[in-house]
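What follows is a short report on a single structure.
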Ligand code: RTP
Ligand code: MG
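Residue numbers (UniProt numbering): 5 to 163.
Here is the structure:
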């Protein structure tokens with residue numbers, strides 16, 4: 005009998021400047037990733053230019069929170085992770101919790117945003133919202149990373 009392995013999906017997880025600024029919170033988020041059985045494919049610390057932040061969030065340009073989001077995301081260091089798990093995109097978003105901090109606090113206090121979120125903008129983490137965004141976002145942070153090569157190495161096969 006061969007037990008089939010789960011099909012692994014990739015997602016981009018970002019720890020935002022509010023959380024990176026606090027070593028204990030950064031450590032707690034890292035721990036949460038491990039506790040939830042993600043494979044950390046790779047990770048990187050970096051600081052964004054204003055332009056990089058604008059480009060990343062261009063789908064939100066024109067929204068009332070766009071300027072402050074762009075400012076904030078280029079205000080200090082970020083940590084980016086490529087995470088692998090079955091249904092990784094949804095799994096990570098569930099662990100992050102609701103975007104809005106008041107909802108997160110009161111309806112999902114044990115999520116990352118429920119525990120550490122400060123405001124709707126300073127909400128600790130980001131996660132890709134669909135496979136197309138994940139591919140685009142992985143390429144933004146890890147231009148040398150090849151999803152194809154990763155899949156071919158056997159990690160993502162379901163057999
Ligand atoms: P994310 O993209 O960061 O993983 O979060 P999300 O899908 O839950 O939220 P989205 O609607 O894509 O918004 C992107 C980021 O914009 C900021 N935001 N601020 N009312 C506000 O001030 C407000 N609303 C949204 C959040 O930081 C959110 O993560
Ligand atoms: Mg989003």
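Beta carbons are placed, not taken as given, at the ideal position from N, Cα and C, and that holds for glycine.
Proximity below 8 Å, CB of residue i to CB of residue j
i           : j           : result
residue 79  : residue 53  : no
residue 12  : residue 44  : no
residue 129 : residue 117 : yes
residue 38  : residue 142 : no
residue 68  : residue 124 : no
residue 152 : residue 96  : no
Length of the line joining the Cα atoms of residue i and residue j
i           : j           : result
residue 155 : residue 40  : 21 Å
residue 66  : residue 42  : 35 Å
residue 74  : residue 61  : 7 Å
residue 122 : residue 7   : 43 Å
residue 113 : residue 126 : 16 Å
residue 163 : residue 99  : Low local confidence applies: a pLDDT of 48 at residue 163 is under 50, so the model's placement there is unreliable, and no value is given.
residue 150 : residue 158 : 13 Å
Residues that residue i bridges to, as DSSP identifies them
i          : result
residue 81 : 51
residue 19 : 83, 129
residue 13 : 89
residue 46 : 86
Own chain residues within Cβ distance below 7 Å of residue i, not counting five before or after
i           : result
residue 111 : 102
residue 144 : 60
residue 137 : none
Residues of its chain near residue i, where Cβ-Cβ distance is below 6 Å and the 5 sequence neighbours each way are ignored
i          : result
residue 29 : 23, 120
residue 76 : 125
Residues of its chain near residue i, where Cβ-Cβ distance is below 8 Å and the 5 sequence neighbours each way are ignored
i          : result
residue 36 : 99, 116
residue 4  : Not covered by the structure: residue 4. The range shown for the chain is 5 to 163.
Worksheet entry | Three CB pairs or more closer than 8 Å across the segment 15–31 and the segment 81–99 | By the Cβ rule, the segment 15–31 counts as touching the segment 81–99, because three or more pairs are nearer than 8 Å.
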